[in-house]
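Protein chains in written order, with our numbering: chain A, 5 to 289; chain B, 5 to 289.
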């Protein structure tokens with residue numbers, strides 16, 4: 005990995021490489037008016053909020069960046085970080101349930117759809133804070149965000165004020181089941197297409213064990229084929245094979261990272277991957 | 005489409021073809037002890053519960069089959085059908101929120117995980133009812149079901165007592181956005197791999213308009229490529245192209261059906277597709 009400059013947003017540069025917890029960059033003079041927005045995407049329970057917290061803490065404390073935390077989960081009860089911008093100021097799932105006598109499923113969908121009308125205000129709020137990194141924590145139930153209007157429209161709104169990328173966060177426990185991991189990686193490509201931004205795959209919860217098996221698959225995507233054959237009793241259909249080929253290509257283009265948001269491990273590598281994703285020398289799209 | 009017999013479960017046969025609302029089959033003498041379980045899969049808001057209702061009504065009233073309705077959504081407040089077997093007897097999202105002071109997201113995940121321990125009792129309950137068709141309505145938030153243990157384990161439990169297939173229900177409004185439709189179809193393949201059963205793609209809510217555009221794409225998968233190029237301003241990445249090729253292959257293997265669960269339209273075609281999916285002459289796997 006080489007240190008390189010962001011495309012069209014050269015306020016950040018790697019000054020050191022390789023060592024975890026080493027200072028990569030000291031705060032610099034602001035050269036431009038745009039931010040780097042990072043959308044924390046991923047399935048329910050993947051650890052989106054925890055990684056928002058850990059990554060933000062690392063960027064602030066280890067790198068001295070100004071970080072803005074944005075919560076877009078209208079159903080969140082508790083967050084590990086203190087949001088600077090919070091969708092719950094405009095929309096809350098529990099309030100919709102109470103006021104409109106809706107069930108949980110209906111209220112979650114209504115909240116996501118309703119959020120869209122507040123995007124201009126949310127983005128304007130983000131702009132006022134004028135931070136270098138904007139970490140955007142997405143709703144708990146990811147399918148609502150990525151498949152309905154709210155996800156693509158959020159990204160479009162964010163892109164008006166800054167470069168925007170996404171992290172697709174995958175629970176390491178899913179990675180232990182080859183079919184689940186394949187499915188999660190496939191969803192990441194789909195989500196990248198749907199949101200229209202570069203997406204980095206991040207396997208989270210490395211602290212829960214099984215990391216050796218996961219590391220082996222990450223370093224050699226073809227091992228997934230064998231693992232799926234074993235899991236499915238040897239019979240892989242043509243469609244699954246087609247999918248596997250696609251995913252092997254995805255994993256070769258960008259090897260998913262392994263992190264522990266809880267322990268704050270692997271965050272320096274994540275930062276490097278974010279930098280590379282925006283570099284002319286490391287285009288992941 | 006040819007009329008044909010189910011593999012290993014030849015209690016059903018098509019006696020007529022082509023015409024909607026025509027009687028396809030009169031109840032026959034039961035030849036075996038196994039059922040046909042149909043898992044209603046699909047993203048939140050796709051109309052899983054409505055299709056469970058409409059399909060069950062059609063099977064009962066038009067075909068004279070014995071139908072058992074199973075609700076596996078522990079967060080459901082209201083259902084359009086009367087469930088014969090109901091997971092809410094064992095687990096309820098609202099109760100978990102109250103008893104364990106959990107937020108909405110945490111309670112939905114906890115409910116799905118907890119359901120697994122009641123699967124034996126649920127399947128035994130289904131067996132006692134001894135119906136010809138078992139329609140299994142899955143949890144509202146599909147990602148929880150398909151990516152965590154509850155989905156695969158539910159299917160494994162159902163397979164002990166009968167042939168099991170899944171319908172992947174897609175909101176027609178998603179089909180109007182090419183990238184969303186592509187993503188939803190991709191999720192269907194992934195879900196099929198994860199659940200390990202034959203899956204039929206069904207586009208629902210044909211009543212909401214835009215059917216001509218959807219029909220055109222369904223009948224010519226290559227149109228999706230053009231539509232995505234238009235939507236994304238001409239630039240399709242290599243990864244998206246790989247995905248498109250895979251999905252074109254999927255759509256050619258099984259053209260997604262267009263139905264309106266609300267109006268009960270297209271249900272006869274759905275029944276034929278279910279029959280074909282289990283036929284030696286129409287293997288969709």
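Beta carbons: idealized from backbone N, C-alpha and C, even for Gly.
Identify which residue in the options has its Cα closest to the Cα of residue i.
{"i": "residue 90 (chain B)", "options": "B:99, B:98 and B:80", "result": "B:80"}
{"i": "residue 40 (chain B)", "options": "B:254, B:168 and B:205", "result": "B:168"}
{"i": "residue 144 (chain B)", "options": "B:222, B:77 and B:246", "result": "B:77"}
{"i": "residue 59 (chain A)", "options": "A:280, A:249, A:273 and A:283", "result": "A:273"}
{"i": "residue 71 (chain A)", "options": "A:282, A:100, A:280 and A:139", "result": "A:139"}
{"i": "residue 281 (chain B)", "options": "B:265, B:202 and B:183", "result": "B:202"}
{"i": "residue 157 (chain B)", "options": "B:92, B:103, B:119 and B:98", "result": "B:119"}
{"i": "residue 42 (chain B)", "options": "B:223, B:102, B:159 and B:54", "result": "B:159"}
{"i": "residue 55 (chain A)", "options": "A:216, A:269 and A:99", "result": "A:269"}
{"i": "residue 46 (chain B)", "options": "B:265, B:75, B:218 and B:206", "result": "B:206"}
Applying the criterion that 16 or more other CB atoms from any shown protein chain within 10 Å of the CB defines a buried residue, is residue i buried or exposed?
{"i": "residue 231 (chain A)", "result": "buried"}
{"i": "residue 141 (chain B)", "result": "buried"}
{"i": "residue 62 (chain B)", "result": "buried"}
{"i": "residue 256 (chain B)", "result": "exposed"}
{"i": "residue 220 (chain B)", "result": "exposed"}
{"i": "residue 213 (chain A)", "result": "exposed"}
{"i": "residue 152 (chain B)", "result": "buried"}
{"i": "residue 52 (chain B)", "result": "buried"}
{"i": "residue 92 (chain A)", "result": "buried"}
{"i": "residue 121 (chain B)", "result": "exposed"}
{"i": "residue 258 (chain A)", "result": "buried"}
{"i": "residue 247 (chain A)", "result": "buried"}
{"i": "residue 245 (chain A)", "result": "exposed"}
{"i": "residue 223 (chain B)", "result": "exposed"}
{"i": "residue 35 (chain B)", "result": "Unreliable positioning characterises residue 35 (chain B) in this predicted model, as indicated by a pLDDT of 36, which lies under 50. A coordinate reading is not provided."}
{"i": "residue 103 (chain A)", "result": "exposed"}
{"i": "residue 6 (chain A)", "result": "Confidence at residue 6 (chain A) is low in this model, with a pLDDT of 38, below 50, so its placement is unreliable and no value can be given for it."}
With a threshold of 8 Å on Cβ separation, who are the neighbours of residue i within its own chain once the five nearest residues in sequence on each side are excluded?
{"i": "residue 161 (chain A)", "result": "123, 124, 126 and 127"}
{"i": "residue 177 (chain B)", "result": "209, 212 and 214"}
{"i": "residue 235 (chain A)", "result": "181, 182 and 183"}
{"i": "residue 86 (chain A)", "result": "73"}
{"i": "residue 48 (chain B)", "result": "144, 145 and 146"}
So residue i and residue j are in contact, right, with Cβ under 8 Å, and what is the actual spacing, rounded?
{"i": "residue 254 (chain B)", "j": "residue 189 (chain B)", "result": "6 Å"}
{"i": "residue 112 (chain B)", "j": "residue 148 (chain B)", "result": "6 Å"}
{"i": "residue 199 (chain B)", "j": "residue 150 (chain B)", "result": "7 Å"}
{"i": "residue 194 (chain B)", "j": "residue 180 (chain A)", "result": "Their Cβ separation, rounded to whole angstroms, is 17 Å, which puts residue 194 (chain B) and residue 180 (chain A) out of contact at 8 Å."}
{"i": "residue 154 (chain B)", "j": "residue 116 (chain B)", "result": "5 Å"}
Leaving out five residues before and five after residue i in sequence, what residues of the same chain have Cβ atoms less than 7 Å from its Cβ?
{"i": "residue 277 (chain B)", "result": "204 and 261"}
{"i": "residue 165 (chain A)", "result": "38, 39, 127, 130 and 131"}
{"i": "residue 271 (chain B)", "result": "58, 59, 62 and 263"}
{"i": "residue 44 (chain A)", "result": "52, 55, 56, 139, 140, 141, 142, 171 and 173"}
{"i": "residue 100 (chain A)", "result": "106, 111, 114 and 115"}
{"i": "residue 50 (chain B)", "result": "173, 174, 175 and 208"}
{"i": "residue 135 (chain A)", "result": "39, 70, 71 and 72"}
Starting from the C-beta of residue i, find all residues in its chain whose C-beta is less than 6 Å away, skip the five residues before and the five after it, and write them out in chain order.
{"i": "residue 96 (chain B)", "result": "78"}
{"i": "residue 88 (chain A)", "result": "72, 73 and 133"}
{"i": "residue 64 (chain B)", "result": "71"}
{"i": "residue 252 (chain B)", "result": "225"}
{"i": "residue 185 (chain A)", "result": "178 and 179"}
{"i": "residue 137 (chain B)", "result": "40, 63, 69 and 71"}
{"i": "residue 94 (chain B)", "result": "122"}
{"i": "residue 265 (chain A)", "result": "51, 54, 55, 58 and 208"}
Against chain D, with Cβ distances strictly below 7 Å, would residue i count as a contact?
{"i": "residue 81 (chain A)", "result": "In the structure shown, chain D cannot be found, because the protein chains are A and B."}
Contact between the segment 166-178 of chain A and the segment 222-233 of chain A (3+ Cβ pairs under 8 Å): no
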